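What follows is a short report on a single structure.
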Amino acid sequence: MTGTPTRVLVLNSGSSSVKYQLLDMADGNRLAVGLVERIGEETSRLAHTPLQGGGGEKREKNGPIPDHAAALKAVAEELASDGVGLDSPELAAIGHRVVHGGLRFTAPTVIDDEVLAEIERLVPVAPLHNPANLTGIRTAMSLRPDLPQVAVFDTAFHTTMPESAARYAIDVATADEYRIRRYGFHGTSHAYVSRETAKLLGKAPEEVNVIVLHLGNGASASAVAGGRCVDTSMGLTPLEGLVMGTRSGDIDPAVTFHLKRVAGMSADEIDALLNKKSGLVGLCGDNDMREIRRRVDEGDPAAALAFDIYIHRLKKYIGAYYAVLGRVDAVVFTAGVGENAAPVREAAIAGLEELGLAVDADLNAVRSDEARIISPDYARVAVAVVPTDEELEIARQSFALVQSSASSNE
Ligand code: ADP
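Take the sequence shown: its position 347, counting from 1, is numbered 391 in this note's numbering, and each next residue is one higher.
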């Protein structure tokens, strides 16, 4: 091997799972993808798919994997057996998804002890995510202490929001003391998708205003003006905003006092109710949009109401962000629901013709992995479907950072 290393391992460490991809940034190709799940349980599972040179069979291993260190070692073994191990000189960096970067981290950052300490300091505002991300980082650092490890933050893209959008209208001293403000999440996806949408329109990101609807199990909307985020629907935590698979989204905060005072629920119980037992699952018992649509088509009233509430909220955010942006070039759907659920796209845009928005039924029905426009030619505003790719974006940002630090050290 000659030349500079071009591979990036992307790690997305959750509380009981690690998702990973190995990419070669020379051509953007994926060399391997995989997942370790149920870490810490008896029934842990590793699924690894080699992709280089036409790819190979998916390999699965079942059996207890006690912790993240063991999970990453198992991943390293799989990669090594494909000849693309962690000790390879072709590996340029490990890129880590980190959920909460607060106000400090506005861009991808090479991780050192001080950065680790700051991510740790943010645990109170991201108690579910940052500890798992930190475990993944520390484990990867112990495996390759010599290699640049880069943190790519879910919140970074949203740090351009003006104070008028980022501040809650509460007592300023209290807000500042406890760092209460709107941070937003899914930023890596909003950044990638808004940029790809500009490309689809044949324009530079600076030239277009886009409303991005990231509709997965978690869901968020963002208003992006000339490549910069000016508003987003998630707030201090991912609970705010759209109706999601298991989260309520926007709710009168007095509901929480009411549940405490009248129902006698604890803060943890209310947290679990709003984050895990609300949204689509709370409304109709299902959070998978495929199942909900099947039930709607069979005439199930609970599923129909859940769908209507989901769409009503989505429409409200499209209207709100239209007003925030003033001029909109595209409304774009992404993530599991946004990319696949044609009925959601159709219903969310229906009735918005006065805003220049329309969906062409035939274009909307096409199933494809490609970025595409689904509005008719006459529509003033493009409606698009752009598949998100958070791993590619993390790899790109990590690679760009290590390349620029390498060249500035020369
Ligand atoms: P996350 O990353 O938030 O877990 P994804 O972006 O992978 O979520 O989206 C998962 C969701 O996408 C599923 O819960 C399901 O509701 C929806 N989904 C996936 N495929 C389809 C499909 N073919 N039709 C409708 N909805 C789908």
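Quick reminder that beta carbons are idealized off the backbone N, C-alpha and C, glycines included.
Every value quoted in this text rests on a predicted model; they were computed, and no experiment measured them.
- Going by beta carbons, valine 77 and leucine 55 fall outside the 8 Å limit.
- Taking C-beta separations shorter than 7 Å and ignoring five residues to either side along the sequence, the partners of valine 167 in its chain run Asn174, Pro175, following chain order.
- The continuous beta strand (DSSP E) containing threonine 378 extends over residues 374-378.
- For phenylalanine 197, no alpha helix (DSSP H) encloses it; the enclosing beta strand (DSSP E) starts and ends at 193-197.
- Taking C-alpha positions only, arginine 305 is separated from aspartate 294 by approximately 21 Å.
- By DSSP's assignment, isoleucine 138 forms a beta bridge with Leu53, Gln193.
- Around valine 159, the same chain offers Thr153 as residues with beta carbons nearer than 6 Å, after the five sequence neighbours per side are excluded.
- For phenylalanine 443, the CB contacts under 7 Å within the same chain, skipping 5 residues up- and downstream, are Val52, Met69, Ala136, Ala137 in chain order.
- Per DSSP, the continuous beta strand (DSSP E) segment holding alanine 76 begins and ends at 73-81.
- Residue nearest to asparagine 331 within the set Ala311, Gly260, Val368, Gly231 is Gly260 (criterion: CA-CA distance).
- With contacts defined by Cβ atoms closer than 8 Å, arginine 357 and valine 274 do not form a contacting pair.
- Rounded to the nearest angstrom, the Cβ distance from glutamate 81 to serine 59 is 11 Å, too far for a contact under 8 Å.
- Listed by position along the chain, the residues with Cβ atoms less than 7 Å from a non-hydrogen atom of the ligand ADP are Gly260, Asn261, Gly262, Gly289, Asn331, Asp332, Met333, Arg334, Arg337, Ala379, Gly380, Val381, Asn384, Ala385.
- In the three-state scheme derived from DSSP, where H, G and I count as helix and E and B as strand, leucine 401 is classed as coil.
- Taking all protein chains shown into account, glycine 107 has fewer than 16 neighbouring C-beta atoms within 10 Å of its C-beta and is therefore exposed.
- Burial check for glutamate 342: the Cβ neighbour count within 10 Å stays below 16, so the residue is exposed.
- Between histidine 112 and threonine 50, the gap from beta carbon to beta carbon reaches 8 Å or more.
- Excluding sequence positions up to five before and after glycine 100, its CB lies within less than 6 Å of the CB of Pro94, all in the same chain and listed in chain order.
- For the stretch 102-183, the full-length beta strand (DSSP E) segments reaching 3 residues or more read 103-106, 135-142 along the chain.
- Per DSSP, isoleucine 393 has no beta bridge partner at all.
- Taking 8 Å as the cut-off, the Cβ atoms of glycine 231 and threonine 281 do not count as close.
- DSSP lists no beta-bridge partner residue for histidine 302.
- Glycine 323 is a Cβ neighbour of glycine 289, given a cutoff of 8 Å.
- When the Cα atoms are used, threonine 378 and tyrosine 361 turn out to be separated by approximately 15 Å.
- Contact annotation: leucine 79 and asparagine 73 have beta-carbon atoms that are not nearer than 8 Å.
- Counting the other CB atoms within 10 Å of its CB gives phenylalanine 301 a total below 16, which places it among the exposed residues.
- Secondary structure note for arginine 334: its alpha helix (DSSP H) is the uninterrupted segment 333-341.
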